[in-house]
Amino acid sequence: MSQAPLCAWKYFISQHANLPFLRASALLQVNPAPRHKSLHQPRTPRPAKAPPTDRKAPSSYRGAPPPGEATPITAGPPAAPCPRAVRSRTMAHQTGIHATPELKDFFAKARNGSIRLIKVVIEEEQLMLGAHKELRLNWDQDYDALVLPLLDETEPCYILYRLDSQNAQGYEWLFLSWSPDNSPVRLKMLYAATRATVKKEFGGGHIKDEIFGTLKGSV
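1 is the number of the first residue of the sequence shown in the UniProt record's numbering; add one for each residue after it.
Below, the structure written as structure tokens:
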């Protein structure tokens with residue numbers, strides 16, 4: 001703004017200071033209106049309210065863990081195993097069937113002697129000698145004549161058949177597990193669970209091969 005109009009305005013005010021609108025303007029210049037604090041001062045953040053400690057949980061949620069804690073996970077009751085699987089596993093590990101002292105002595109005699117065939121059966125919860133056969137001809141000629149007549153159509157059994165070949169421990173043997181289709185299921189499971197025991201009692205190092213048969217034509 002140029003100096004001439006400004007001087008004229010000051011002169012006008014000095015001559016007419018008693019006018020109402022000039023008095024109000026002068027008051028505004030002397031005592032300006034206060035500025036709103038909220039527009040010019042930073043707002044102080046309010047402190048967060050603490051959750052009440054005496055508040056009770058609803059009846060349906062009582063016993064739940066406090067806020068901030070994980071809910072404990074409890075495992076439910078284990079699923080019931082299959083009865084057939086339990087029965088098979090129990091028989092495999094808890095039969096408690098072992099060879100009689102007489103059978104153990106016969107095993108020791110037959111491993112390197114003149115015995116061609118040993119039939120083992122389970123009686124009175126024990127492995128017992130069912131029958132035995134002496135050497136006659138070659139092993140393949142003796143097989144049909146000696147093995148098949150000892151196989152019962154309704155009773156499982158084990159057959160240990162001596163070959164003519166040898167290894168470092170002596171003569172080699174075939175191990176036949178006979179489990180006919182017409183035999184009771186319980187006997188089949190019992191003989192299947194005891195098969196490893198027979199091999200251990202006889203000596204696994206002497207067994208060259210294993211045969212499992214359900215029909216005479218398959219053995």
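From the three backbone atoms N, C-alpha and C, an ideal C-beta is built for every residue, glycine too.
{"Item": "Status (buried if at least 16 other CB within 10 Å, exposed otherwise) for Pro156", "Value": "buried"}
{"Item": "Beta-carbon proximity check, Leu148 vs Lys216, cutoff 7 Å", "Value": "yes"}
{"Item": "CA nearest to the CA of Leu174, picked from Ile207, Asn167, Asp142 and Pro184", "Value": "Ile207"}
{"Item": "Alpha helix (DSSP H) segment containing Asp105, residue limits", "Value": "Pro101 to Ala110"}
{"Item": "Distance between beta carbons of Val121 and Val198, contact taken as under 8 Å", "Value": "Val198 to Val121, Cβ: 10 Å. No contact."}
{"Item": "C-alpha gap between Glu201 and Ser114, whole angstroms", "Value": "19 Å"}
{"Item": "Cβ neighbour criterion (16 or more within 10 Å) applied to Leu137", "Value": "exposed"}
{"Item": "Rounded straight-line distance, which links the Cα of Phe106 to that of Glu125", "Value": "19 Å"}
{"Item": "Continuous alpha helix (DSSP H) stretch holding Glu201: start and end", "Value": "Val185 to Phe202"}
{"Item": "Buried or exposed (CB count within 10 angstroms, at least 16 for buried), Thr154", "Value": "exposed"}
{"Item": "Same chain, Cβ closer than 7 Å to Gly204, neighbours up to 5 away in sequence not counted", "Value": "none"}
{"Item": "Selected residue, minimal CA-CA separation from Asp144, among Thr214, Pro47, Leu129 and Leu117", "Value": "Leu117"}
{"Item": "Residues that DSSP places opposite Ile207 in a beta bridge", "Value": "Trp173"}
{"Item": "Unbroken beta strand (DSSP E) run spanning Met181, endpoints", "Value": "Met is not the amino acid found at residue 181; the sequence shown has Asp there. Taken as a continuous stretch (DSSP letters only), Asp181 belongs to no beta strand (DSSP E), as it is neither H nor E."}
{"Item": "Beta-bridge pairing of Ile118 - partner residues as DSSP gives them", "Value": "His132 and Leu160"}
{"Item": "Whole-angstrom distance between Ala168 and residue 224, CA atom to CA atom", "Value": "The requested residue 224 is not part of the displayed model; the chain covers only 1 to 219."}
{"Item": "Cα-Cα separation between Tyr161 and Leu176, rounded to whole angstroms", "Value": "8 Å"}
{"Item": "Contact set for Phe212: own chain, Cβ-Cβ below 6 Å, skip 5 residues either direction", "Value": "Ser177"}
{"Item": "Endpoints, the alpha helix (DSSP H) within which Leu146 is located", "Value": "Trp139 to Leu146"}
{"Item": "C-alpha gap between Gly170 and Leu135, whole angstroms", "Value": "16 Å"}
{"Item": "Span separating the alpha-carbon of Lys109 from that of Ser165", "Value": "18 Å"}
{"Item": "Ser60 (DSSP reduced to helix, strand or coil)", "Value": "Annotation note: pLDDT 49 at Ser60 (below 50); position unreliable, coordinate value reported separately. Helix at Ser60."}
{"Item": "Inter-residue spacing [alpha-carbon to alpha-carbon] between Ala196 and Leu163", "Value": "20 Å"}
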